[in-house]
Amino acid sequence: MPIATALAWPHRPPPAAITPLDWTGSQTWTFEPVDEGRFPALALARHAGRAGGTAPAVYNAANEEAVTAFLAGAVPFTAITQAIEQALTNHTPTPDHDLTLEIIRAADAWARHHAREHLHHHVPSTAHFAKEA
16 MPIATALAWP HRPPPAAITP LDWTGSQTWT FEPVDEGRFP ALALARHAGR AGGTAPAVYN
76 AANEEAVTAF LAGAVPFTAI TQAIEQALTN HTPTPDHDLT LEIIRAADAW ARHHAREHLH
136 HHVPSTAHFA KEA
């Protein structure tokens with residue numbers, strides 16, 4: 016329900032949209048491997064984590080900029096992973112042993128700028144759809 020509410024913002028999904036769990040009885044949950052083809056942001060996050068250094072900061076900053084653009088109705092949902100991938104592809108991570116707060120902040124600022132530029136120049140605008148939603 017929290018995810019549905021966030022995606023529907025500023026509207027709320029109808030109460031019947033999600034059936035509440037009955038915690039008075041036993042539950043069975045099944046977990047399966049994540050399909051990274053369907054969830055490419057997870058594969059990118061794992062890549063950033065393996066790369067280490069400034070790569071996770073770049074992932075986070077590009078993600079935040081792309082999500083902000085998506086929520087503003089400026090880009091489609093698929094542009095989020097495109098922006099993250101572009102930022103990670105064009106970034107050479109500073110190794111863990113050389114990290115300082117200044118280097119992390121610089122990587123964050125670089126990724127935000129890079130993501131905004133990518134979204135502005137390479138992703139078709141969806142702003143005309145935002146007013147209809």
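For what it's worth, the working numbering labels the leading residue of the sequence shown as 16, then goes sequentially. The C-beta atom is built at its ideal place from N, Cα and C for all residues, glycine as well. Source: prediction; values computed, not measured.
Own chain residues within Cβ distance below 6 angstroms of residue i, not counting five before or after
i, result
"Q101", "H133"
"E51", "L57 and A58"
"A109", "Checking the displayed sequence, the identity of residue 109 turns out to be Thr instead of Ala. Answer for T109: G68, T69 and I118, listed in chain order."
"D37", "none"
"D111", "G67 and G68"
Proximity to residue i [Cα-Cα], best of the options
i, options, result
"D123", "W24, D37, N78 and Q97", "N78"
"D113", "V82, H128 and G68", "G68"
"T93", "R120, E117 and F54", "F54"
"H137", "I33, A76 and I95", "I95"
"L22", "T115, R120 and G88", "G88"
"P35", "V90, L86 and P17", "P17"
"W11", "L86, R120 and H135", "Since the first residue shown for the chain is 16 and the last is 148, residue 11 is missing from the structure and cannot be characterised."
"P91", "H135, W44 and R120", "H135"
"R61", "L103, T39 and S41", "L103"
Residues of its chain near residue i, where Cβ-Cβ distance is below 7 angstroms and the 5 sequence neighbours each way are ignored
i, result
"V49", "L57"
"R27", "T20"
"A32", "A19"
Residue j beta carbon less than 8 angstroms from that of residue i
i, j, result
"A163", "A76", "The chain is shown only over 16 to 148; residue 163 falls outside these bounds and no answer can be derived."
"A81", "A98", "yes"
8 angstroms CB neighbourhood of residue i in its chain, flanking five on each side removed
i, result
"H106", "T69, A70, V73, A122, W125, A126 and H129"
"F144", "Caution applies to F144, whose pLDDT of 43 falls short of 50 and renders its modelled position unreliable; the model cannot decide the point."
What alpha helix (DSSP H) runs, 4 residues minimum, are completely inside the segment 39-92?
-> Runs found: 55-66 and 70-86.
Segments assigned alpha helix (DSSP H), at least 4 residues, entirely inside the segment 92-137 = 94-104 and 116-137, all fully within the segment 92-137.
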